[in-house]
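Numbering-wise, numbering that gives the first Met the number 0 puts 171 at position 172 of the sequence shown, and it's gapless, one number per residue.
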Amino acid sequence: MEQINGSLQMEHALLFTFLEASSDCQFRDQLQSLQNQQAVLWCHASDDDELQTDGNRSGHFQNGELGLAPTNEDVIRIIAAQLAEIGDQFDKEIQGRVVNNLVQHFLNENLSREEIILHMSSVVRELTRSIPSDMEQEKAMLVLAMVLTKKIVNTVPSLLHRVFNTTLNYMNQQLHNYIVEMLGE
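Rendered as structure tokens:
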């Protein structure tokens, strides 16, 4: 089990809530299990604050929820639901071969997380150009990354942990400032 970095707390909340709100999410039970496992990890981290690896303080869960202020959780739920609606529209535009190609990358144990993130980033950029949309590029990239996560895990549910954590890292590396702005942090 990979450890969760505290700076990924917003991305985690947004991705998890997006997947919960998405139609055709065929792995809700596994998603809830993942959430429970992450909650245990983060609760243990709050006991001794030694889980983080980059010097940031770790995020905290309380009663299985993210330790965000209630208004932040509400904002995340609302925004994730709106993004899930957009994602449902994008979902139809993403061809099966694109998803299958990503599945093969995630199944390849010889590829590092960084190599998979680079490939995912490339696919997201390509899809952003090919799917007609009048929305800002960062929003389209965020939605596409989360939709790809859903489609990959719908295809191979056993990849949930790896895909979820890779997407979190992608979102943190490529879209963190956009997410902070969007959530009004």
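Glycine residues also receive a C-beta, built at the ideal position from the N, C-alpha and C atoms.
* Closest Cα partner of H104 within the set A80, L158, N71 -> Minimum Cα distance to H104 is reached at L158.
* Asked: With 16 other CB atoms within 10 Å as the buried threshold, where does I178 fall?
  -> Taking all protein chains in view, the Cβ of I178 is crowded by 16 or more other Cβ atoms within 10 Å, so the residue is classified as buried.
* Asked: Within the chosen definition, does the region 134-150 reach the region 17-35 through at least 3 CB pairs nearer than 8 Å?
  -> Verdict: yes, contact present.
* Asked: Closest to A12 by CA distance: which of A79, S32, R27, Q36 is it?
  -> A79
* In three-state DSSP terms, what is D87? -> helix
* Asked: Buried or exposed: which applies to E135, given that a residue is buried once 16 or more other Cβ atoms fall within 10 Å of its Cβ?
  -> exposed
* Mapping DSSP to helix, strand and coil, what is M170? -> helix
* Asked: Going by the CB atoms, is the gap between I116 and E92 shorter than 8 Å?
  -> no
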